[in-house]
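Under our numbering, think of the first position of the sequence shown as 416, with each following residue one higher.
Cβ atoms here follow ideal geometry from the backbone N, Cα and C, with glycine treated the same way.
Keep in mind that this is a model prediction, so the values were computed, not measured.
For reference, the structure discussed in these notes is given below.
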Amino acid sequence: MTSVRLVHFYLGVFFAPMILFFAFTGITQTFKLHETYRDVPDGKPNWVAWLGQIHKEQALKTPPAPRVKPPAGESSKAVKVQHKNDFTQPMKWFTAVMGGALMVSTMLGLYIAAGYRDRRRSVVIAFTLGLLIPSLLLAFERYAG
(Lines of atoms letter the chains of each structure in order from A; the text may use other names.)
(Lines give C-alpha, C1' and ligand atoms only; values in the text may rest on other atoms or scores of the structure.)
Protein backbone atom coordinates (compact mmCIF):
# COMPACT_ATOMS: atom_id res chain seq x y z
CA MET A 416 0.00 0.00 0.00
CA THR A 417 2.91 2.34 0.66
CA SER A 418 4.12 2.09 -2.93
CA VAL A 419 0.56 2.68 -4.24
CA ARG A 420 0.32 5.87 -2.17
CA LEU A 421 3.73 7.00 -3.41
CA VAL A 422 2.75 6.44 -7.06
CA HIS A 423 -0.52 8.32 -6.44
CA PHE A 424 1.40 11.14 -4.74
CA TYR A 425 3.85 11.72 -7.61
CA LEU A 426 1.31 11.21 -10.39
CA GLY A 427 -0.90 13.81 -8.71
CA VAL A 428 1.94 16.32 -8.44
CA PHE A 429 3.16 15.65 -11.99
CA PHE A 430 -0.28 16.01 -13.59
CA ALA A 431 -1.48 18.87 -11.36
CA PRO A 432 -0.56 21.62 -13.87
CA MET A 433 -2.52 19.89 -16.64
CA ILE A 434 -5.47 19.14 -14.35
CA LEU A 435 -5.63 22.83 -13.42
CA PHE A 436 -5.33 23.87 -17.07
CA PHE A 437 -8.01 21.49 -18.36
CA ALA A 438 -10.38 22.26 -15.49
CA PHE A 439 -10.05 26.02 -16.11
CA THR A 440 -10.40 25.81 -19.89
CA GLY A 441 -13.27 23.35 -19.47
CA ILE A 442 -15.11 25.95 -17.41
CA THR A 443 -14.57 28.60 -20.09
CA GLN A 444 -15.77 26.21 -22.78
CA THR A 445 -18.87 25.26 -20.80
CA PHE A 446 -20.08 28.83 -21.29
CA LYS A 447 -18.58 29.05 -24.82
CA LEU A 448 -16.27 31.90 -23.80
CA HIS A 449 -13.69 30.53 -26.23
CA GLU A 450 -16.08 31.36 -29.09
CA THR A 451 -17.28 34.85 -28.15
CA TYR A 452 -14.79 36.56 -30.48
CA ARG A 453 -16.49 34.78 -33.40
CA ASP A 454 -19.71 36.71 -32.80
CA VAL A 455 -17.96 40.00 -33.60
CA PRO A 456 -17.33 40.86 -37.27
CA ASP A 457 -13.58 40.70 -37.91
CA GLY A 458 -13.12 39.47 -34.31
CA LYS A 459 -9.65 38.41 -33.29
CA PRO A 460 -9.06 35.36 -31.08
CA ASN A 461 -8.36 36.26 -27.46
CA TRP A 462 -6.35 34.30 -24.92
CA VAL A 463 -9.41 32.23 -23.95
CA ALA A 464 -9.82 31.15 -27.59
CA TRP A 465 -6.16 30.14 -27.81
CA LEU A 466 -6.34 28.15 -24.56
CA GLY A 467 -9.54 26.55 -25.83
CA GLN A 468 -7.71 25.38 -28.94
CA ILE A 469 -5.05 23.72 -26.79
CA HIS A 470 -7.82 22.06 -24.75
CA LYS A 471 -9.82 20.87 -27.78
CA GLU A 472 -7.04 20.12 -30.28
CA GLN A 473 -4.04 19.49 -27.97
CA ALA A 474 -2.14 21.79 -30.31
CA LEU A 475 -1.36 25.46 -30.83
CA LYS A 476 -3.66 25.80 -33.83
CA THR A 477 -5.17 29.10 -34.88
CA PRO A 478 -8.72 29.33 -33.54
CA PRO A 479 -11.47 29.10 -36.19
CA ALA A 480 -12.32 32.23 -38.17
CA PRO A 481 -15.17 34.50 -37.08
CA ARG A 482 -18.66 33.44 -38.09
CA VAL A 483 -20.34 35.04 -41.02
CA LYS A 484 -23.20 37.43 -40.39
CA PRO A 485 -26.56 35.81 -39.57
CA PRO A 486 -28.78 35.05 -42.58
CA ALA A 487 -31.22 37.74 -43.71
CA GLY A 488 -34.13 38.15 -41.33
CA GLU A 489 -32.26 36.57 -38.42
CA SER A 490 -30.61 38.83 -35.88
CA SER A 491 -28.05 38.20 -33.20
CA LYS A 492 -30.72 39.27 -30.66
CA ALA A 493 -32.76 36.22 -31.60
CA VAL A 494 -29.73 34.03 -30.93
CA LYS A 495 -29.17 35.67 -27.54
CA VAL A 496 -32.81 35.28 -26.55
CA GLN A 497 -32.61 31.63 -27.51
CA HIS A 498 -29.48 31.31 -25.34
CA LYS A 499 -31.26 32.91 -22.36
CA ASN A 500 -34.02 30.30 -22.62
CA ASP A 501 -31.48 27.49 -22.79
CA PHE A 502 -32.64 24.74 -20.42
CA THR A 503 -29.09 23.43 -19.99
CA GLN A 504 -28.01 26.39 -17.84
CA PRO A 505 -28.31 24.50 -14.49
CA MET A 506 -26.13 21.68 -15.84
CA LYS A 507 -23.64 24.20 -17.20
CA TRP A 508 -23.35 25.82 -13.78
CA PHE A 509 -23.03 22.43 -12.11
CA THR A 510 -20.25 21.55 -14.55
CA ALA A 511 -18.51 24.86 -13.86
CA VAL A 512 -18.73 24.29 -10.10
CA MET A 513 -17.30 20.81 -10.61
CA GLY A 514 -14.39 22.28 -12.60
CA GLY A 515 -13.77 24.83 -9.85
CA ALA A 516 -13.91 22.09 -7.21
CA LEU A 517 -11.41 20.04 -9.20
CA MET A 518 -9.08 23.05 -9.30
CA VAL A 519 -9.44 23.65 -5.55
CA SER A 520 -8.92 19.95 -4.82
CA THR A 521 -5.80 19.90 -6.99
CA MET A 522 -4.38 22.99 -5.27
CA LEU A 523 -5.09 21.46 -1.87
CA GLY A 524 -3.28 18.33 -3.00
CA LEU A 525 -0.28 20.41 -4.01
CA TYR A 526 -0.38 22.18 -0.64
CA ILE A 527 -0.42 18.83 1.14
CA ALA A 528 2.39 17.52 -1.08
CA ALA A 529 4.52 20.58 -0.31
CA GLY A 530 4.03 19.87 3.40
CA TYR A 531 6.25 16.78 3.21
CA ARG A 532 9.61 18.34 3.99
CA ASP A 533 11.58 15.22 3.06
CA ARG A 534 9.91 15.12 -0.39
CA ARG A 535 9.86 18.84 -1.14
CA ARG A 536 12.67 18.74 -3.71
CA SER A 537 11.11 15.81 -5.61
CA VAL A 538 7.70 17.54 -5.46
CA VAL A 539 9.18 20.64 -7.10
CA ILE A 540 10.89 18.49 -9.73
CA ALA A 541 7.71 16.51 -10.50
CA PHE A 542 5.61 19.69 -10.70
CA THR A 543 8.19 21.43 -12.92
CA LEU A 544 8.32 18.43 -15.24
CA GLY A 545 4.51 18.49 -15.33
CA LEU A 546 4.75 22.06 -16.62
CA LEU A 547 7.72 21.64 -18.95
CA ILE A 548 6.90 18.40 -20.76
CA PRO A 549 3.49 19.49 -22.12
CA SER A 550 4.92 22.93 -22.99
CA LEU A 551 7.78 21.35 -24.90
CA LEU A 552 5.43 18.93 -26.65
CA LEU A 553 3.22 21.85 -27.76
CA ALA A 554 6.26 23.83 -28.92
CA PHE A 555 7.65 20.82 -30.77
CA GLU A 556 4.30 20.20 -32.47
CA ARG A 557 4.06 23.85 -33.44
CA TYR A 558 7.48 24.02 -35.07
CA ALA A 559 7.62 20.47 -36.45
CA GLY A 560 4.20 20.70 -38.12
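Between T521, I469 and R420, which lies nearest to A554 when the distance is taken from Cα to Cα? Of T521, I469 and R420, the residue nearest in Cα terms is I469.
**Message:** Taking 8 Å as the cut-off, does the region 458-472 touch the region 531-542 (at least 3 CB pairs, one atom from each stretch)?
**Reply:** Contact between the region 531-542 and the region 458-472 is absent: fewer than 3 CB-CB pairs across the two stretches fall below 8 Å.
Check: Between D443 and G467, which are expected to be in contact by the criterion C-beta below 8 Å, what is the C-beta distance as a whole number of angstroms?
Finding: Residue 443 is actually Thr in this sequence, not Asp. About 7 Å; that satisfies the 8 Å criterion.
*asked:* Can you tell me whether V455 is helix, strand or coil according to DSSP?
replied: Of the three classes helix, strand and coil, the one that applies to V455 here is coil, per DSSP.
Note to self: Using C-beta distances below 6 Å, list every residue in its chain close to L525, excluding the 5 sequence neighbours before and after it, in chain order.
What the structure shows: Closer than 6 Å at the Cβ level, and outside the excluded window around L525, lie A431.
What does the alpha-carbon distance come out to for the pair T440 and D454?
If you take the alpha carbons of T440 and D454, they lie about 19 Å apart.
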